[in-house]
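Okay, structure first, notes after.
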Amino acid sequence: MKDQIVIAGPSSQKLATKIAELLQARIIPTENKVFPDGECYLRIDVNEDNEFEGKDVIMVQTTGANSTGDQNLHITELIMMIGAVKRMKASKIRVIVPYLAYSRQDKVFRPGECIFIEELLRWIEKAGATEFYTIDIHAEEVLKKMSIPAYNLDPMEVLANNVAKKVNNAIVICPDKGAYERSRAFAKYLGKDIQVVQFEKHRDVKTGKITMEGDLPMSGKDVIIADDIIATGGTMAKAIEIAKKSGAKAIYAVGTHPLLIKNAVFKLLTAGTNEIIGTDSIDSAFMQVSLAEIIVKAIQSNSSIE
Ligand code: R5P
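Position in the sequence shown (from 1) plus 32 gives the number in this note's numbering.
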C-alpha cells in the first residue's frame, strides 16, 4: 500500500526488513547509542523532519534483552521511536512489539508490587501509538486496558507447520496451567488426535525456584513442549527431564520467544532436548519460524485498500 513506511528498531532489524519486503514498503533504519552516563539516544534515519507527515508508519521493536541483558534499553528506544514519529505528524503509528517485556508482571503476586505491564502499555499509548500489535503475549487480558486497537497475534499455526515436518507419533506437553490453551491450539494445527498433557508447575514467588510434576509413558513418542517464553530455561528444562525419564524418543522445545538468557541453551541441551525451535520475535540461532507473514496479514486486514 502506498504511503506505508516501516521503521526498523535497533532490536528487530531482520524481522522489520522481512515485513517491509512483504508490504513492499520503504524501510528506514534507526541510529542508536548509549551515552557514558547510561542515557540512551535514538534517531530515525530521515533526511527531513517532514518525511512522515500524513504517512502510515509501522515500527518494529522487540523488547527482549540486548547482549548485556538489558531489556529496558529496548523499551526506552521504542518510546523514543514513537515520540519522534508522533512529533513528525504521521497519520498512523502502528507499533509492533513482537516480544512484550514485562508481560509476566500482570498481577500482584506479593503485596507492594506494581503491575508494570499496565504502566508500560499506558506509556506506549500516551507516547502516540495508534495501533498496537504483539505476538503470543503471556496473558492477553491486559491488552483490554488499552484504548487504542490492540492485537495479540497467534503464531501456533506457523510453529506447528514447522514442527510437523520433523515428528512422528507425537504428543504435546504443556509445562504449566497457563500454557494449556496455547498447547491445545498448537496440537490442533499439528494434526488430528494429538494428545495434550499438562504438567503441574510451581514457582516459588520469593526464590523463583521451579518444581514440576507430571508422568506418562512416552516410550517411542516424539514429545513437543510448547511455551510462550523460554527465558532462563528453568521451566522447559524441568519438562524435558520428565519427558526424558518417561521414555520419550525425541524431545522438541518450542518457544515463541526464545529469550534464552545466560546458560539456558546449555540447560535445555543437557536436560535432553533434541532441538530448540523459536520464532524471529527475538534474534537467536534458533529462529526457525518467521512471524513476518502473520504480522503483515494483520496490518493488511486493518488497512483500507487504496
Ligand atoms: C511462565 O508462566 C511462562 O509461560 C514461561 O513458562 C516462563 O516465563 C519461562 O521462564 P523460564 O525459562 O525462566 O523458566
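Ideal Cβ positions, reconstructed from N, Cα and C, are used throughout, including at glycine.
Just so it is clear, the structure is predicted and the values come from calculations on it, not from any experiment.
Per DSSP, the beta-bridge partners of LYS65 are TYR73.
Judged by their CB atoms, PRO187 and ILE326 are nearer to each other than the 8 Å cut-off. A contact between stretches requires three or more CB pairs, one per stretch, nearer than 8 Å, and the stretch 236-251 fails this requirement with the stretch 213-221.
In terms of CA proximity to GLY266, THR239 leads the group SER43, THR239, LEU185. The Cβ neighbour count for VAL204, taken over all protein chains shown within 10 Å, is at least 16; the residue is labelled buried.
Taking 8 Å as the upper bound for CB-CB distance, VAL89 and VAL66 are not in contact here, some 25 Å apart. In the displayed model, GLU145 falls within coil according to three-state DSSP, outside both helix and strand. About 18 Å separates the Cβ atoms of VAL321 and ILE283, ruling out a contact at the 8 Å cut-off.
Exposed is the label assigned to PHE141, since fewer than 16 other Cβ atoms lie within 10 Å of its Cβ. Inter-residue distance for CYS146 and ASP225 is about 42 Å (C-alpha atoms, whole angstroms). Sequence-distant Cβ neighbours of GLY41 in its own chain, meaning closer than 8 Å and more than five residues away, are ALA48, THR62, MET91, VAL92, GLN93, THR94, HIS106, GLU109, LEU110, MET113.
Note that the C-beta distance between ILE331 and LEU153 is not below 8 Å.
For the ligand R5P, no non-hydrogen atom lies closer than 7 Å to the CB of HIS234.
For the 8 Å CB-CB criterion, VAL174 and GLU150 form a contact.
Taken from the Cβ of THR267, at least one heavy atom of the ligand R5P lies inside 7 Å. Note: THR311 is bridge-paired with VAL321 in the DSSP secondary-structure output. Boundaries of the alpha helix (DSSP H) harbouring THR49: 45-55, taken from the DSSP string.
One Cα belongs to ALA182, the other to GLY279, and the distance between them is close to 42 Å. Annotation: the continuous beta strand (DSSP E) that includes PHE164 extends over 163-167.
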